[in-house]
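**Q** One structure, pasted below without further comment.
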Amino acid sequence: MKNKLIPYSIILIFLIIFAVFYKSLKDTNIYTPETKINNDIPIFSAEFLLSKENLTSTEIFKMDEFYLLNIWASWCAPCRDEHSILMSLSENNKLKIIGMNYKDNKKNAKSFLDELGNPYEKIIVDKNGTNSIEWGAFGVPETFLIYNSKIIKKYIGPLNQELLMEIQKTIK
Amino acid sequence: MKILKNLIIIFLLLTFNNLYANENSERNEITKNLRCLICQGQSVYDSDSDFANSMKILVDKKLDQGLSDKEIYIYFKEKYGDWILYDPGLNKNTYLLWLLPILIFVFGGAIIFKRSIFKK
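Residue numbers (my numbering), protein chains in the order written: chain E, 1 to 172; chain V, 1001 to 1120.
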């Protein structure tokens, strides 16, 4: 009895190890932070790219309105791809799009908007990247859907047609 | 006389060196325990990516505001989850991580104990 138990248990252990390794072979090992929904937006005061005013977060994100915060930069190629989606979203008058210009040069940012159009109502300047960390972002592009000062959706990476439909459905 | 002069220069260099190295020690201690999310496998302290550099600035800012290291860890944990910490606390997602070594230790101890009894 004891002689049989040992080879069987060895085989079983190897099978378990194989199963674990085989499963993790296909898993991605790049971690993306869990998207925490219904988090309050951070409190900050911001400078703007196109105007000289200085507003706090509560003055930008008013209650009872939908806002889309989009983190972008002129040097970021996926931002260029998603720009047409943002342009079509800006036609929707139920939604206000706020841009956050991440670690960018003012001149380049402006020529980016001149070339592709400006979907943003306001553009916050995030010169050293700390503001976007306060939002819990870790790269560009990243998009947050905000309602009543709460983050209700978070999209990591560029927006696409599918997400466009989803956003339009949510704000209806 | 020349030797004395050299000794004084070396002494001065060493003291200034010392002053400089202590400047960011608290920030360095904290950023060593934060994981960089862009270049995974490196801490924020080791990394020079855009994300890590912004994190360093933010840690400095939080220290200036008078937050303790624990409060800063909690702050980042709320934003990015447990993964950002190299030393996560005990909770329902990490209990296996914390308890497995103890379990293996107890299990191994039990086997050794049993064998030593049988030998007698």
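Quick reminder that beta carbons are idealized off the backbone N, C-alpha and C, glycines included.
Given a cut-off of 7 Å, decide if ASN101 of chain E and VAL125 of chain E are closer than it, judged by their beta-carbon atoms.
**A** Numbered from 1 along the first sequence, position 125 holds the residue referred to as residue 125 of chain E. Numbered from 1 along the first sequence, position 101 holds the residue referred to as residue 101 of chain E. Yes. Within cutoff.
**Q** Identify which residue in E:GLU53, E:SER57, E:SER132, E:GLU65 has its Cα closest to the Cα of ALA73 of chain E.
**A** For the purposes of this step, residue 73 of chain E is taken as residue 73 along the first sequence, with counting starting at 1. The candidate whose alpha carbon is nearest that of ALA73 of chain E is E:SER132.
**Q** Looking at LYS122 of chain E: is its Cβ nearer than 7 Å to the Cβ of ILE171 of chain E?
**A** For the purposes of this step, residue 122 of chain E is taken as residue 122 along the first sequence, with counting starting at 1. For the purposes of this step, residue 171 of chain E is taken as residue 171 along the first sequence, with counting starting at 1. No, they are not a contact pair.
**Q** Would you kindly report the start and end of the unbroken alpha helix (DSSP H) that includes MET1055 of chain V?
**A** For the purposes of this step, residue 1055 of chain V is taken as the residue at position 55 of the second sequence. Start and end: 1050-1064.
**Q** At a Cβ cut of 9 Å, what residues of the region 1051-1071 of chain V count as close to chain E, listed as they run along the chain?
**A** Going along the region 1051-1071 of chain V in chain order, one finds PHE1051, ASN1053, SER1054, MET1055, ILE1057, LEU1058, LYS1061 with a Cβ nearer than 9 Å to chain E.
**Q** If I measure Cβ to Cβ from GLU115 of chain E and keep anything under 7 Å in the same chain, skipping five residues before and after, which residues do I get?
**A** The count along the first sequence starts at 1 and reaches residue 115 of chain E at position 115. Taken in chain order, the list of residues that qualify is empty.
**Q** Can you confirm whether LYS1032 of chain V, when its beta carbon is compared against all beta carbons of chain E, has any partner nearer than 7 Å?
**A** Numbered from its first residue, the second sequence carries residue 1032 of chain V at position 32. It does not: the Cβ of LYS1032 of chain V has no partner Cβ on chain E nearer than 7 Å.
**Q** How about LEU1013 of chain V: is its C-beta nearer than 7 Å to some C-beta of chain E?
**A** The count along the second sequence starts at 1 and reaches residue 1013 of chain V at position 13. LEU1013 of chain V does not count as touching chain E.
**Q** Compare the C-beta of LYS1079 of chain V against all C-beta atoms of chain E and say whether one is closer than 7 Å.
**A** Position 79 of the second sequence, counted from the first residue, corresponds to residue 1079 of chain V. Interface residue, yes.
**Q** Starting from the N-terminal side, write out each stretch of the alpha helix (DSSP H) that is 4 residues or longer and does not extend beyond the region 37-81 of chain E.
**A** Counting only runs of 4 or more, we get 57-60.
**Q** Beta-carbon of LEU1007 of chain V versus every beta-carbon of chain E: anything under 7 Å?
**A** Along the second sequence, one-based indexing puts residue 1007 of chain V at 7. Not one chain E Cβ lies under 7 Å of LEU1007 of chain V.
**Q** Could you please give me the residues that DSSP links to ARG1035 of chain V through a beta bridge?
**A** Your numbering for residue 1035 of chain V matches position 35 in the second sequence. Looking at the DSSP assignment, ARG1035 of chain V forms a beta bridge with V:SER1043.
**Q** By the criterion of Cβ-Cβ separation under 9 Å, what are the contact partners of ILE1038 of chain V in chain E?
**A** Along the second sequence, one-based indexing puts residue 1038 of chain V at 38. Near ILE1038 of chain V (Cβ distances below 9 Å), the residues of chain E are PHE138, GLY139.
**Q** With 7 Å as the threshold, decide whether the Cβ of ILE171 of chain E is near any Cβ in chain V.
**A** Counting from 1 along the first sequence, the entry for residue 171 of chain E is found at position 171. Output row for ILE171 of chain E: interface = no.
**Q** Apart from the five residues on each side of it in sequence, which residues of its chain come closer than 7 Å, Cβ to Cβ, to ILE1030 of chain V?
**A** Counted from its first residue, the second sequence places residue 1030 of chain V at position 30. These residues qualify, in order along the chain: VAL1059, ASP1069, ILE1072.
**Q** Given that ILE124 of chain E touches chain V, what residues does it touch there, using C-beta distances under 7 Å?
**A** For the purposes of this step, residue 124 of chain E is identified with residue 124 of the first sequence, where counting begins at 1. By Cβ distance, chain V contributes nothing, its closest Cβ being about 15 Å from ILE124 of chain E, past 7 Å.
**Q** What residues from the region 99-125 of chain E come within 9 Å of chain V, judged by C-beta to C-beta, listed N to C?
**A** Answer set for the region 99-125 of chain E: TYR102, LYS103.
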